[in-house]
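Protein chains in written order, with my numbering: chain P, 1 to 289; chain B, 1001 to 1289; chain U, 2001 to 2289; chain W, 3001 to 3289.
Number of protein chains: 4
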Amino acid sequence: MEKKRPNTAVLLMHCPDKPGIIAVITDFINANGGNIVYLDQYVDRVNGVFYMRVEWDLDGFGIPDDKIADYFNTLYAHRYDMSFKLSFTRKPQRMALFVSKMSHCLYDILARYIAKEWDVEIPVIISNHPDLKIVADQFNIPFEVVPLNKDNKKEMEQVEFEILDRFKIDFIVLARYMQVLSPEFINRYPDRVINIHHSFLPAFVGAKPYHAAYERGVKLIGATSHYVTSDLDAGPIIEQDITRITHKDTIDDLVKKGRDLEKIVLSRAVEKHIQRKILTYNNKTVVFN
Amino acid sequence: MEKKRPNTAVLLMHCPDKPGIIAVITDFINANGGNIVYLDQYVDRVNGVFYMRVEWDLDGFGIPDDKIADYFNTLYAHRYDMSFKLSFTRKPQRMALFVSKMSHCLYDILARYIAKEWDVEIPVIISNHPDLKIVADQFNIPFEVVPLNKDNKKEMEQVEFEILDRFKIDFIVLARYMQVLSPEFINRYPDRVINIHHSFLPAFVGAKPYHAAYERGVKLIGATSHYVTSDLDAGPIIEQDITRITHKDTIDDLVKKGRDLEKIVLSRAVEKHIQRKILTYNNKTVVFN
Amino acid sequence: MEKKRPNTAVLLMHCPDKPGIIAVITDFINANGGNIVYLDQYVDRVNGVFYMRVEWDLDGFGIPDDKIADYFNTLYAHRYDMSFKLSFTRKPQRMALFVSKMSHCLYDILARYIAKEWDVEIPVIISNHPDLKIVADQFNIPFEVVPLNKDNKKEMEQVEFEILDRFKIDFIVLARYMQVLSPEFINRYPDRVINIHHSFLPAFVGAKPYHAAYERGVKLIGATSHYVTSDLDAGPIIEQDITRITHKDTIDDLVKKGRDLEKIVLSRAVEKHIQRKILTYNNKTVVFN
Amino acid sequence: MEKKRPNTAVLLMHCPDKPGIIAVITDFINANGGNIVYLDQYVDRVNGVFYMRVEWDLDGFGIPDDKIADYFNTLYAHRYDMSFKLSFTRKPQRMALFVSKMSHCLYDILARYIAKEWDVEIPVIISNHPDLKIVADQFNIPFEVVPLNKDNKKEMEQVEFEILDRFKIDFIVLARYMQVLSPEFINRYPDRVINIHHSFLPAFVGAKPYHAAYERGVKLIGATSHYVTSDLDAGPIIEQDITRITHKDTIDDLVKKGRDLEKIVLSRAVEKHIQRKILTYNNKTVVFN
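Next up, the structure:
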């Protein structure tokens, strides 16, 4: 049995905290016939910021989709100095995967995709190496090799942009893609490129974190998923986790144990993004339940 | 009923890995009437180093305590290019606590001490502030205030050395002692000063790690216990752990959650040290089970 | 510097989910001059239940303390079929500790108490054994020995009730108190007796869970804090945690590792209770952040 | 570059603890030209049992493979009352997967298989439902549907035995296979059938553990991999792990969070089995590092 597609609007917003904001917005939704199916809010009392995610059923909602943002702007955004993002769940988002040679994150994502765990479409996989075409073929997903390297990044990214546009991509997941994106790339997809870094950031920024962890003799290794910004490995952190290691673990053991961390941490972050449960502010994330 | 004190020798050693080392040493112990009560070994096959901890009952052992090291040296240490440390459990080790103003690590240690969880004596607590004298008094432990600061460190450390000598201190635990030790201090107690740092090192070295963690927006906070060396927060790591946080946690929440981490992580490290289960090598630790 | 005592009202409530409840209640508070300092709500969409915790400043609030519940009842409780609990933070709650012979949970709680981590008073410690009087004396807390056992439970509990009444106790923490309370006791303190059980319930209910865990060969041990009900170890769970063990751990090792779990898990639960952040419903807890 | 296949012997043994066993066995291996590449031993001092795993290179070893067990038996097994298992790594073991309808554990295993993380062959996947044939086809692995149910178990298991024999299967992994095996099946594959149960056993034995966990209101859910024995969910535990949940999690959320636990816990257990690092004794496991 095919599950009926959701038909809801999702509002992610933040503004200076004032009394009555929840009431105002829920009243607006209720008054126009919207049935709220999710509401979570959080007040940062230290900095005086109010954050909310509210989702409501559009069946029977009296305002057409393309007017809702207008209404919000006019009625509330100025009045409350509110930043908001409105999205609709009627159509699944379109996600592109960037990979290099390692398959563990790719398989973890595709296995969830094929099992319909996520409400997303994956129309294309892009790689700077041909190695993982075999995986894309298993899942019948177009695989585009863009042989980008340090010297041809500018031109090759243009090729990538064309592909991303052609496939109408909403957001990008770097599933152990071992290249740094240009500022131009990042600016085209603000808060829409998710990376997995194989350390508990901010420790071990940059290349070869498992080697660095081994050298330092840490007793934990970690993985961090974050939105990509122009500072290397310094974007808003979405999710982190760690696993214990001991003096007995070689670098190879760290790499092996790390793979399981990386794939789970990345997939948790991707899921939250798909569910539109992440709000970024001041280079940090608010992640709703 | 008083538990009978142990009467064992503990050998911690490492050397280039060669076949037959375990056999040679266990033969030596067995042949001289020693009953092995613990043996754990570990081979670092990447670097070709053999590590072992062996503990045997001295009741009935044929070699007097003060000759055992000699025998080892003569028979094996040169032959195998072995570094070893021999110690005896007949008398408990003597541990000094250094504290400043925060009591959570201090209470955690003293509660274990009073409940006789550890085979250790705590003859003195030293502090640069008088605040925690009340705790020392509760447990009837001498409390020495040494008002050390950046400007008088040299002289005040001499006072500390005198106290440490007077109380015949074997090793030192910095239980949230907020001062950096001088190189001279560290050289007097190599691998014998244990610190707790309130971050998952090497992230957030130095002062105010919870503030830094909050600023960076991490989703985990950690604590690290390590031997103190002359590089700040860079000594051999003994134990680390983390706890999850969310965007809802303020700096105060991090401090509060961190306290529980700090005290448990520090106490785990102190226990391993008391049990003589830690071997340091190349600025890393081998921690036996 | 003495921190100013809070002066807030805390409303914990649940009712069948309907649109607009948050608005109604926040409007009521705002309209009467109350400044909301905390609001968290949760909708159980499966069972259609709405839960909320709201806390507001009473300075300047227009309704006297002893009338607030009346207003709520009259205006909202019937209309929304609401169950609610109203409390005031002006005076700290009074907590009694019940102990037997083990000191680790007791010390952990008293160390937090003395460091003023918690807004609570501990006017009395009750025990069926005299062993821990020494700890109570360290902290200058009255210690009452009530030598209860299976045969005299009825009479001895009357003695306990008298003590609890005399000290005006609000809630009770069983800090490794090894006796089962009578139904009469439990009925006097519904959702007001917190226990720590040394297993991850519902595994290993009853006596000697570490022995049972050892026999079963589990790879994790746990601890569970819960409100006491008339079914042994079956009350609403407040908090649980686990730690990893291996085949190398003896029963003594489990007991030792378990102690750290028990004290932290119990203290986390006690803290949430003190903060009035726990709501019970259908033998389960809603624990607010 | 193809990695050279290992050519080692692995000895897993246990016996009553006596001095000198390590020396005797390592001497035997060294004396016959074997180079030890792994040695780990563990003494259960409570029960007086010695456990060891030793692995040595067979290149240059003076005793032919098919005589080694004989030598061991004659020289040591009787003398030390030793139980041992000898195996050779020259050929990868052959693993059969049993599945039903859920794909997450299956994909996790196949992704590791295809990436050559494990030294194993998977010649066949067996299922009581046709649903996952599509996954088997992606990886070009024969998929055999054996429509076993409660009423035809005896006959259908005969079909399974024929398949297992035909594919020369060494051990079996139940990757969320939702059927109970008959005692006859289990007796054919002692300590060679690995199951994943979706709870932290011994809590929530049997069907629908996530529903039971939800009803009980636990704050953790778990997964347990174990060898299958004739008692349901009561065989030797190989690996367990948990993840935190809150009152906000519905049964669907538990199922979703549980999937990640299940696949990782099962894969960790399978890896240890492939590496021949698990020894069972008294319905418990010794799992070497």
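Beta carbons: idealized from backbone N, C-alpha and C, even for Gly.
Who does residue i pair with in a DSSP beta bridge?
{"i": "U:Ser2083", "result": "U:His2014"}
{"i": "B:Leu1039", "result": "B:Val1054"}
{"i": "W:Glu3239", "result": "W:Ser3225"}
{"i": "W:Thr3008", "result": "W:Asp3057"}
{"i": "B:Ile1126", "result": "B:Phe1098 and B:Glu1144"}
Helix, strand or coil for residue i, going by three-state DSSP, please let me know.
{"i": "W:Leu3058", "result": "coil"}
{"i": "W:Tyr3177", "result": "coil"}
{"i": "U:Glu2117", "result": "coil"}
{"i": "W:Tyr3281", "result": "strand"}
{"i": "W:Arg3166", "result": "helix"}
{"i": "B:Arg1045", "result": "coil"}
{"i": "B:Phe1088", "result": "strand"}
{"i": "U:Met2001", "result": "Because U:Met2001 carries a pLDDT of 46, less than 50, the predicted location of this residue cannot be relied on, and the following value inherits that uncertainty. U:Met2001: coil per DSSP, three-state reduction."}
{"i": "U:Leu2132", "result": "coil"}
{"i": "U:Leu2106", "result": "helix"}
{"i": "P:Phe171", "result": "strand"}
{"i": "B:Leu1220", "result": "strand"}
{"i": "P:Gly20", "result": "coil"}
{"i": "B:Tyr1189", "result": "coil"}
{"i": "U:Val2159", "result": "helix"}
{"i": "B:Ala1207", "result": "coil"}
{"i": "U:Phe2028", "result": "helix"}
{"i": "U:Pro2202", "result": "coil"}
Check for me: the beta strand (DSSP E) holding residue i runs from which residue to which?
{"i": "B:Ala1096", "result": "Gln1093 to Val1099"}
{"i": "P:His197", "result": "Val193 to His197"}
Decide if residue i is buried, meaning its Cβ has at least 16 other Cβ atoms within 10 Å, or exposed.
{"i": "W:Gln3158", "result": "exposed"}
{"i": "W:Pro3147", "result": "exposed"}
{"i": "W:Pro3064", "result": "exposed"}
{"i": "W:Arg3005", "result": "exposed"}
{"i": "P:Glu184", "result": "exposed"}
{"i": "B:Thr1074", "result": "exposed"}
{"i": "U:Ser2267", "result": "buried"}
{"i": "B:Ser1199", "result": "buried"}
{"i": "B:Ala1031", "result": "exposed"}
{"i": "P:Glu155", "result": "exposed"}
{"i": "B:His1211", "result": "exposed"}
{"i": "W:Val3099", "result": "buried"}
{"i": "U:Tyr2189", "result": "buried"}
{"i": "P:Ile134", "result": "exposed"}
Along the chain, where does the alpha helix (DSSP H) that runs through residue i open and close?
{"i": "B:Asn1289", "result": "Per DSSP, B:Asn1289 belongs to no alpha helix (DSSP H) and is neither H nor E."}
{"i": "P:Ser267", "result": "Ile251 to Ile274"}
{"i": "P:Val145", "result": "It is not in any alpha helix (DSSP H) - P:Val145 instead sits in the beta strand (DSSP E) that spans Phe143 to Val145."}
{"i": "W:Phe3072", "result": "Asp3065 to Phe3072"}
{"i": "B:His1247", "result": "Counting along the chain, B:His1247 falls outside any alpha helix (DSSP H), and DSSP gives it neither H nor E."}
{"i": "W:Asp3233", "result": "Counting along the chain, W:Asp3233 falls outside any alpha helix (DSSP H), and DSSP gives it neither H nor E."}
Against chain P: residues of the region 3107-3132 of chain W by CB proximity under 9 Å: In summary, the residues of the region 3107-3132 of chain W whose CB is separated from some CB of chain P by less than 9 Å are Tyr3107, Asp3108, Leu3110, Ala3111, Arg3112, Ile3114, Ala3115 and Glu3117, in the order they occur in the chain.
Residues of the region 2022-2040 of chain U with Cβ closer than 9 Å to any Cβ of chain P, in chain order: Those would be Ile2022, Ala2023, Val2024, Thr2026, Asp2027, Ile2029, Asn2030, Asn2035, Ile2036, Val2037, Tyr2038, Leu2039 and Asp2040, in chain order.
Near-chain B residues of the region 191-207 of chain P - C-beta to any C-beta below 8 Å: For the region 191-207 of chain P, which is checked against every Cβ of chain B, the residues closer than 8 Å are Phe200, Leu201, Pro202, Ala203 and Phe204.
Contact residues within the region 2207-2219 of chain U, judged by C-beta distance below 8 Å to chain W: So the list reads Arg2216, Gly2217, Val2218 and Lys2219, given in the order they occur along the chain.
Residues within the region 2246-2257 of chain U neighbouring chain W, beta-carbon criterion of under 9 Å: Going along the region 2246-2257 of chain U in chain order, one finds Thr2246, His2247, Lys2248, Thr2250, Ile2251 and Asp2252 with a Cβ nearer than 9 Å to chain W.
The region 1001-1019 of chain B: positions lying closer than 9 Å to chain W by Cβ: Those residues of the region 1001-1019 of chain B that come within reach of chain W (Cβ to Cβ, closer than 9 Å) are Pro1019.
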